[in-house]
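Chains as they are written, first to last, in numbering that gives the first Met the number 0: chain A, 0 to 288; chain B, 0 to 333; chain C, 0 to 306. Yeah, the Cβ is synthetic: ideal placement off N, Cα and C, and Gly gets one too. None of the values given here were measured: they were computed from a predicted structure. Working notes, structure below.
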Amino acid sequence: MELSLPGKLIKRLSDTGIKSLDQNPLRSLGIIILTVLVLAAVFAPYLAPHDPKQTGIPHQSPSSEHLLGTNDLGQDVFSELIYGTRVSLTIGFLSGIISIVIGVTVGIFAGYFRGWAEELLMGTTDVFLLIPSLPLMIILAAYLNPSMWNIIVVVGLLGWCSTARLVHSRVLQVREMQFIESTRALGYSDIYIIIRHVLVNTKDIIYAKFSLAVASAMLSEASLSFLGLGDPLNISWGEMIHFAFSRGGFANDLWWWYLPPGLMICVTLLAFIMLTMEGRKDSKILELI
Amino acid sequence: MSLAKGRARFFAGKALRYGITLVIILSINFAIPRAMPGDPMINLLGEDAVRVDRQMLDELRAQYGLDRPIQDQYIEYMLGAGRLDFGYSIHKNLKVTELIYDRFFWTLVLIFPSIAIGGLLALVLGAIAGFRQGSKVDRLLTGVSIFMYSCPSFLFAMVIVTIFSFHLGWFPLGNISSGRTQGFAYLLDIGYHLFLPVAILSAFEAAYIFLIVRNSITQIMGEYFIFVAKAKGLSARVIELRHVMRNVLPQFISIMALNFGFMVSGALIIEIVFSLNGMGTLIYDSVMSRDYPVLQGAFVFLTIFVLAANFLADVLYGITDPRIGDSMNTGKMI
Amino acid sequence: MSLLKVRDLSVTFDTLQGPFKAIEGIDLDMEELDTLAIVGESGCGKSVLGHATMRLLDDIAVVRGSVIYRGREVYAMSQKELLEMRGKAISLVPQSPSASFNPVIRIGKQITELIEKAGVAHGREAEERALSYLDYVGFSDPHAIFDSYPHRMSGGMCERALIAMSTSTEPDLIIADEPTKGLDALSRKNILDMLQRMTAGSSLIMITHDLKAAAMCKRVAVMYSGEIVEIGPTRVVLEHPAHQYTRGLIDAQPSKGMKPIPGRHNISHKSEGCRFRNRCELVQSECVRHPLLREIEEGHMVRCHYA
Ligand SMILES: Nc1ncnc2c1ncn2[C@@H]1O[C@H](COP(=O)(O)OP(=O)(O)OP(=O)(O)O)[C@@H](O)[C@H]1O
Ligand SMILES: [Mg+2]
Chain A
0 MELSLPGKLI
10 KRLSDTGIKS
20 LDQNPLRSLG
30 IIILTVLVLA
40 AVFAPYLAPH
50 DPKQTGIPHQ
60 SPSSEHLLGT
70 NDLGQDVFSE
80 LIYGTRVSLT
90 IGFLSGIISI
100 VIGVTVGIFA
110 GYFRGWAEEL
120 LMGTTDVFLL
130 IPSLPLMIIL
140 AAYLNPSMWN
150 IIVVVGLLGW
160 CSTARLVHSR
170 VLQVREMQFI
180 ESTRALGYSD
190 IYIIIRHVLV
200 NTKDIIYAKF
210 SLAVASAMLS
220 EASLSFLGLG
230 DPLNISWGEM
240 IHFAFSRGGF
250 ANDLWWWYLP
260 PGLMICVTLL
270 AFIMLTMEGR
280 KDSKILELI
Chain B
0 MSLAKGRARF
10 FAGKALRYGI
20 TLVIILSINF
30 AIPRAMPGDP
40 MINLLGEDAV
50 RVDRQMLDEL
60 RAQYGLDRPI
70 QDQYIEYMLG
80 AGRLDFGYSI
90 HKNLKVTELI
100 YDRFFWTLVL
110 IFPSIAIGGL
120 LALVLGAIAG
130 FRQGSKVDRL
140 LTGVSIFMYS
150 CPSFLFAMVI
160 VTIFSFHLGW
170 FPLGNISSGR
180 TQGFAYLLDI
190 GYHLFLPVAI
200 LSAFEAAYIF
210 LIVRNSITQI
220 MGEYFIFVAK
230 AKGLSARVIE
240 LRHVMRNVLP
250 QFISIMALNF
260 GFMVSGALII
270 EIVFSLNGMG
280 TLIYDSVMSR
290 DYPVLQGAFV
300 FLTIFVLAAN
310 FLADVLYGIT
320 DPRIGDSMNT
330 GKMI
Chain C
0 MSLLKVRDLS
10 VTFDTLQGPF
20 KAIEGIDLDM
30 EELDTLAIVG
40 ESGCGKSVLG
50 HATMRLLDDI
60 AVVRGSVIYR
70 GREVYAMSQK
80 ELLEMRGKAI
90 SLVPQSPSAS
100 FNPVIRIGKQ
110 ITELIEKAGV
120 AHGREAEERA
130 LSYLDYVGFS
140 DPHAIFDSYP
150 HRMSGGMCER
160 ALIAMSTSTE
170 PDLIIADEPT
180 KGLDALSRKN
190 ILDMLQRMTA
200 GSSLIMITHD
210 LKAAAMCKRV
220 AVMYSGEIVE
230 IGPTRVVLEH
240 PAHQYTRGLI
250 DAQPSKGMKP
260 IPGRHNISHK
270 SEGCRFRNRC
280 ELVQSECVRH
290 PLLREIEEGH
300 MVRCHYA
């Protein structure tokens, strides 16, 4: 039977989908989970059964009306969870972007230009790598107004060091490749070579590292929010746990209040890690962590 | 140049690096409250500064030298830092240093056993998995480690506390000791109270280091000298223990050191969940009351601690790897 | 009884691109105190043959045929027998000297551990033995070498130390994989003289690119694309080569003006017929049939229809 063009297209898409699922089941699973989460974040108002800010009877255990019960103000935990996806993913993505852009820039410039620029940039990276990041994030976040944007900046600005190191060592290898030398000899500008050759040859680790950078940004955000430094207007998963912890949910064993956001953090992080897995091997992530 | 002399130079270079790092960190700490938005007075003294009377405020202002030029303030601050003086907590009515000394001890009591246990566990499990790459044990251990890696420490701790303290009632919560006993019984009591927190922290340390050790073993097993060792007819045991693990050691030490900061962060969070009286709870309280001097002091203390640990690790690394600091080092860069 | 008998040995690697035949149909005989040189272009399977002889290939290699050492099948040995044989009965001088020593263990210790493992000597005595072998291979200060780490030694020094190590157990057979690789002319000569001295009491299989080095062996085997194409007494093979490839190798020597063999060594070219025919100037119609190794005179065998 002849398939129509859209039919063929769908068949082709599903074929490649099945093929990649077969060859790389973990990465495919990661993609599926993240797609679902992004959809949940985008369509939160349609998916959430209640307005997460609306108060009601507190401390209700899960029921068909409140799938994950209610918190101490009687707000629907399930709806809060869905809206929390927005906040957590946004912070993770944006912080991840900030840290990857800084890290890649530092790594490439240090590795490509060598000399004093390398000394300075990698020296700075080493200093930052030595500072325990959570205490420093805590201080910065404590001084700034508790807002989502401030958290994004703080987490992003302190998370780039490992990326810089990784990219730096890869650029050192790429630099040794024969064709880079010959391109330089041909008189191409450094910027051209960096964009056309160096970046191209480092992009695989940059993609993978971005995925892990988002994961680690989400973890930092969760820790800051858990400590009560989150944005009270945009409640993330970490902040839900903070409220459960500081307003008696944990002490009174109201598991439906703190466990679901916690599991969401785990699942999302796992999905980001799965994205970096290649084939049936897991060696990639081990090099990047 | 002799090996010993090369080594000495290597260590001196390291010491210089750490010294510079320390100065940078202290400077960052000096700059933050002055650069952040808001009243620098409050940024330096904490939010409780608005409650104290004018006279005391003036005194403190003079002490911090806020009326003097910035370079004088910097010198004053550095001199204070040299004496480990980080000002005064109006909120707690105590000198920051005193406040920290007391708490820091208990954080160390939490961190050191966790690092030792976690590191040892990682080495053993990493070896088991690394030498049986692809086996069931390997996949199980790797899977668990990756899961731990993606699990926030506070969530893990909360679940453990719920199960073992709330439901089963096996372990106590909230204090470091029951405070009644003495001598050996006192130590046992502390061990009992710290069992769960140390176990959790060790598990986090082990999970991360495990991944590194396993990876490092894989890489070393592929080296040519391992093939040569096989050609010599050495048994698998000898190759694994003498030739592979001996090569893992330097990498293991340096990753343990790099992970120190992460362990400090983990310890802070876990103290809070278990409400143990350490730096974590101190920081938590100070965040709540915006007690900035304490936050800053805590940051500097923790950072110095991490720096010291890293310096020690660098020295150990230099001792375990003969290539370090050898001016006759022909090939490989370290 | 001959020392080593290799029969119809072939090795196939299970690679991502599919199976790859590295060597095929190798027959070899070594007597006591025999010496054999194996020559051939890079990638023709010399090292694989050496490793297969000691059953050193990893799991992705499928080995067929048999290797019989003193009447015992190497591929039927227990793990224990195998470990005993390696380093004691058959010893390998590996190909990359600088990468062959463990970087964090002193040279002396690495030699001593082999001597002890082979049960030749123990403790102080083993150390003494290691020191004397370091002396034999020509180090002026054996104690310093004994105590030094590999990163302090040059490639040539590592090669010497490797030879000291491999000979220190007085093995029956030494397989030396390109012992002169990457050395200047003078050191090459030194190493060869020393190797000849050190292996006087053993059989030697020397893998090399260097026909001058091959000249110190009684026999020479020429390999091409995983097969032996010519084997015979060294004088005969080098002076009256019967295979066109051997002639090419001889002409390609620096002393003969480095005339290159036309065409490229296509290692994955495993089609029917003579594997050398796409590069052979004398190619004829028969060459599409795979030639067998046949004896053209006493002890001189060639894999060519027209030799
Ligand atoms: N572990 C392996 N997996 C796949 N292929 C291999 C492996 N080891 C060797 N080969 C292939 O077998 C062929 C023969 O390799 P071998 O190392 O024996 O060459 P060689 O003759 O020793 O060359 P050289 O003179 O460069 O040392 C090569 O084409 C190589 O690619
Ligand atoms: Mg070879």
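For C/Lys45, the Cβ falls inside the 6 Å cut-off from some heavy atom of ligand 2. Straight-line spacing of the CA atoms in A/Ala43 and A/Val37 works out to 10 Å. Note that the C-beta distance between A/Gly227 and B/Val286 is below 7 Å. The DSSP assignment places 172–176, 202–207 and 218–223 as complete runs of the beta strand (DSSP E) inside the stretch 144–226 of chain C, in order along the chain (cut-off: 3 residues). No Cβ of chain A is located within less than 7 Å of the beta carbon of B/Phe209. Taking 3 residues as the shortest admissible run, the stretch 16–56 of chain B contains no complete beta strand (DSSP E) segment at all.
Within chain C, the residues Pro93, Ser95, Ala98 and Ser99 have their CB atoms less than 8 Å from the CB of B/Tyr223, given in chain order. Annotation: A/Ala212 to A/Tyr111 spans about 23 Å, alpha carbon to alpha carbon. Judged by DSSP in its simplified three-state form, C/Ile89 adopts strand.
Below the 9 Å Cβ cutoff, chain B contributes Pro151, Phe153, Leu154 and Met157 as neighbours of A/Ile240, in chain order. In terms of Cβ geometry, A/Ile234 and A/Gly83 form a close pair [threshold 7 Å].
Among the residues of chain B, those whose CB is under 8 Å from the CB of C/Met53 are Ala230, following chain order. Three or more beta-carbon pairs drawn from the stretch 285–303 of chain C and the stretch 240–250 of chain C are found closer than 8 Å, and the two stretches are therefore classed as touching. Counted as a single uninterrupted DSSP element, the alpha helix (DSSP H) harbouring C/Arg234 occupies residues Thr233 to Glu238. Residue side-chain check: C/Gln94 places its Cβ nearer than 6 Å to a non-hydrogen atom of ligand 2. By the rule that beta-carbons nearer than 7 Å mark a contact, B/Thr20 touches chain A. Of the candidates B/Arg60, B/Leu139 and B/Ile89, the residue whose Cα lies closest to the Cα of B/Gly125 is B/Leu139. In the DSSP assignment, C/Asp7 falls within the unbroken beta strand (DSSP E) covering Leu3 to Thr14. Counting along the chain, C/Lys20 sits inside the beta strand (DSSP E) bounded by residues Gly17 to Met29.
By alpha-carbon distance to C/Ile67, the top candidate from C/Val61, C/Ser46, C/Lys79 and C/Ile89 is C/Ile89. Residue nearest to C/Gly39 within the set C/His239, C/Arg234 and C/Met205 is C/Met205 (criterion: CA-CA distance). Under the Cβ distance rule, C/Val66 does not count among the residues neighbouring chain B, no pair being separated by less than 7 Å. With 16 or more other Cβ atoms inside 10 Å of its own Cβ, C/Ile110 counts as buried. For the pair of segments examined, the stretch 229–247 of chain B was found not to touch the stretch 270–281 of chain B: the number of CB pairs separated by less than 8 Å stays below three. C/Phe275 is the residue among C/Val61, C/Gly49, C/Phe275 and C/Ser201 whose C-alpha sits nearest the C-alpha of C/Glu229.
Under the criterion of beta carbons closer than 8 Å, A/His58 and A/Asp50 do not qualify as touching, at roughly 19 Å. From the beta-carbon of B/Asn246, the residues of chain C found nearer than 8 Å are Asn101, Pro102 and Val103. A/Met276 sits in coil when the DSSP states are folded into three classes, being neither helix nor strand. Nearest in C-alpha terms to C/Ser201, of all of C/Leu55, C/Ala251 and C/Leu35, is C/Leu35. Of all residues in the stretch 42–56 of chain A, none places a beta-carbon less than 7 Å from a beta-carbon of chain B.
Remark: the shortest separation between the CB of C/Thr207 and any heavy atom of ligand 1 does not fall under 6 Å.
In the DSSP annotation of this structure, A/Thr69 is not part of any beta strand (DSSP E), being labelled neither H nor E.
C/Ser65 has C/Arg6 as its beta-bridge partners, per DSSP. For B/Thr106, not one C-beta of chain A is nearer than 7 Å to its own C-beta. Within the stretch 230–296 of chain B, the complete alpha helix (DSSP H) segments at least 4 residues long are 244–257, 259–273 and 278–287, listed from N- to C-terminus. The continuous stretches of alpha helix (DSSP H) do not include B/His90, and DSSP gives it neither H nor E.
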